[in-house]
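Data first, discussion second: the structure below is written as structure tokens.
Protein chains in written order, with our numbering: chain R, 15 to 183; chain V, 2 to 417.
Shown next, in the form of structure tokens:
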């Protein structure tokens, strides 16, 4: 999120829209497998035959031992918070992201506090970056046990995994 | 090493939020001419140039294409290097390679950034390109805006650094107050450096603590500015360096290592095996290699001053450990005791560092330049009071996974 900069002298204004769909960057081949898994509320990772790490989301080459990661693993919905940051209450008109005010666009409620977290799901050796839900911000800590929260009707989209919430074990 | 090389001249511009008095080419020429003057070298004697800025920033895709005329490049080989935040470090090392390989005798390395040329510093042309466009593939797989906000790459380097800081705090026991102390030190040191951007004499940790919270653990006062500025160094081979310069800064070791990207779920669209973004294996490897070349066995004793790439105060602490200057997780304790102050045992960023001045492309070259000034004894008001035998300069960038480490010293490295 970027702070809005003060206004500067306009030299010229060109009206227009930004067609994000015009960019056709290809996601990794495994991204489709991952979102297909989300549709069935499964968290899929790939296993490295070299170092034995299970990486979620899956990828086809291990970053450090460069072996092909052909085998898929399903990891647990339960996991542990490995890192977190806490936003101040989000104010309207203060931030812009991709030219959009997240409050105005209805993405975040005014005054909401966002707690983005890293979660290592049981059985995985990597973090997933997501949002902590249903938890007062002052309660979050490293090592906190959480479980995945999926949308009611997953459609095979990255947004099917809404976030994580505290787990009572 | 094939042959020795040394920095014989340094030049930089005054840094500020908006250098509206000059355009990008004029800004760079200022630094290059200052460096040539400092080295007492004429443009005619320069064999080649290595140049670079952060790709896409400042609103011009390839500024090197028109800046050449302003820095005396016509009729000479020019190599542009762009490696994100590490750019300046790579440009400097590119210059060293050019001389050490025997290809050229005198080379100018220059790097710059002119953020203010784009309406929102870096944002419209820079960050949208390097951070957000990298996500566009994910929209094709149903990434929601709310999910996007949580990903570290949205804050680009700042997003990654906030998570990185939390990891460092957790494993070292350091607290947000220590970031206040590092940032205050950077502002105070910058006040002694006439070229620096955020100069704040007598800045206290309390001053920093009063600034607004951006995202816990970072406050507004912790974050580096977006600066306009340029830096340049003149590099010469041994014979020329000895002839032209009374006290050159010899390149004793240089290394650059990358690691897995730690910007989660971005470029690759896959997970990353790096669980802890403050681990920074690339920095450890680069330091080990550079020290080995320099014949340095105990950096704690043999390094006298460090210029660390620290846009965020947590990074001065964690990278100083990776550079072997302090034990793992102990840098903040040494900082608390004042060891990293200008007159301390191990001064870190006496120039104020990136935390006080961040013309991105230039920032990592400035670390080399500032380390050079300390060795040459030309850092004026921010010269460390002790004798500088060896200085280490560090750069951080890429997809937060590229590192450069350069060791400069008062004598050439021992021949192996």
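By construction, the Cβ of each residue, glycine as well, lies at the ideal position given by its N, Cα and C atoms.
- Residue 87 of chain V places its beta carbon less than 8 Å from that of residue 403 of chain V.
- As computed with DSSP, residue 392 of chain V is found in a beta bridge with V:306, V:409.
- DSSP places residue 368 of chain V in no beta strand (DSSP E) but in the uninterrupted alpha helix (DSSP H) bounded by 361–377.
- Between the stretch 22–29 of chain V and the stretch 113–120 of chain V there are three or more inter-stretch CB-CB distances shorter than 8 Å, so the stretches are counted as touching.
- Within chain R, no residue has its CB atom less than 7 Å from the CB of residue 329 of chain V, the nearest being about 18 Å off.
- DSSP places residue 39 of chain R outside both helix and strand once states are collapsed to three, so it counts as coil.
- Residue 90 of chain V and residue 328 of chain V have their C-alpha atoms some 25 Å from each other.
- In this structure, residue 241 of chain V sits away from residue 8 of chain V, with a CB-CB distance that is not shorter than 8 Å.
- Secondary structure of residue 35 of chain V (DSSP, three-state): helix.
- Fully enclosed alpha helix (DSSP H) runs of no fewer than 4 residues occupy 282–295, 300–303, 314–323 of the stretch 247–330 of chain V, in order along the chain.
- In the DSSP annotation of this structure, the continuous segment of the beta strand (DSSP E) that includes residue 229 of chain V starts and ends at 229–238.
- Counting only the Cα atoms, residue 279 of chain V lies some 6 Å from residue 169 of chain V.
- A buried status is given to residue 101 of chain V, since no fewer than 16 other beta-carbon atoms sit within 10 Å of its beta-carbon.
- Secondary structure of residue 88 of chain V (DSSP, three-state): helix.
- When Cβ pairs closer than 8 Å are counted between the two stretches, the stretch 70–85 of chain R is seen to touch the stretch 52–60 of chain R, the count reaching three or more.
- Along the stretch 85–104 of chain R, going in chain order, the ones with a CB nearer than 7 Å to a CB of chain V are 96, 97, 98, 99, 100, 101, 102.
- Going by C-alpha positions, residue 352 of chain V is about 23 Å away from residue 285 of chain V.
- With contact defined as three or more Cβ pairs closer than 8 Å, the stretch 68–86 of chain V and the stretch 336–351 of chain V are not in contact.
- Taking 8 Å as the cut-off, the beta carbon of residue 135 of chain R is found no closer than this to the beta carbon of residue 97 of chain R.
- By the Cβ-count criterion, residue 81 of chain V is buried, with 16 or more other Cβ atoms from all chains shown falling within 10 Å of its own Cβ.
- Nearest in C-alpha terms to residue 99 of chain R, of all of V:15, V:177, V:64, is V:177.
- Taking 8 Å as the cut-off, the Cβ atoms of residue 283 of chain V and residue 138 of chain V do not count as close.
- Within chain R, the residues whose beta carbon sits less than 9 Å from that of residue 147 of chain V are 116, 121, 122, 128, 145, 173, 176, 177, listed in sequence order.
- Using a Cβ-Cβ cut-off of 8 Å, residue 49 of chain R counts as an interface residue toward chain V, since at least one Cβ of chain V sits closer than that to its own.
- In the three-state reduction of the DSSP assignment, residue 151 of chain R falls in the helix class, which pools H, G and I.
- By the 16-neighbour rule on beta-carbons within 10 angstroms, residue 182 of chain V is buried.
- The C-beta distance from residue 313 of chain V to residue 166 of chain V rounds to 6 Å, short enough to meet the 8 Å contact threshold.
- Here residue 50 of chain V really is in contact with residue 79 of chain V; their C-beta atoms are around 5 Å apart, less than 8 Å.
- For residue 67 of chain V, the enclosing alpha helix (DSSP H) begins and ends at 65–68.
- A Cβ-Cβ contact shorter than 8 Å links residue 49 of chain R with residue 172 of chain R.
- If you draw a straight line from the Cα of residue 143 of chain R to the Cα of residue 148 of chain V, it comes to about 9 Å.
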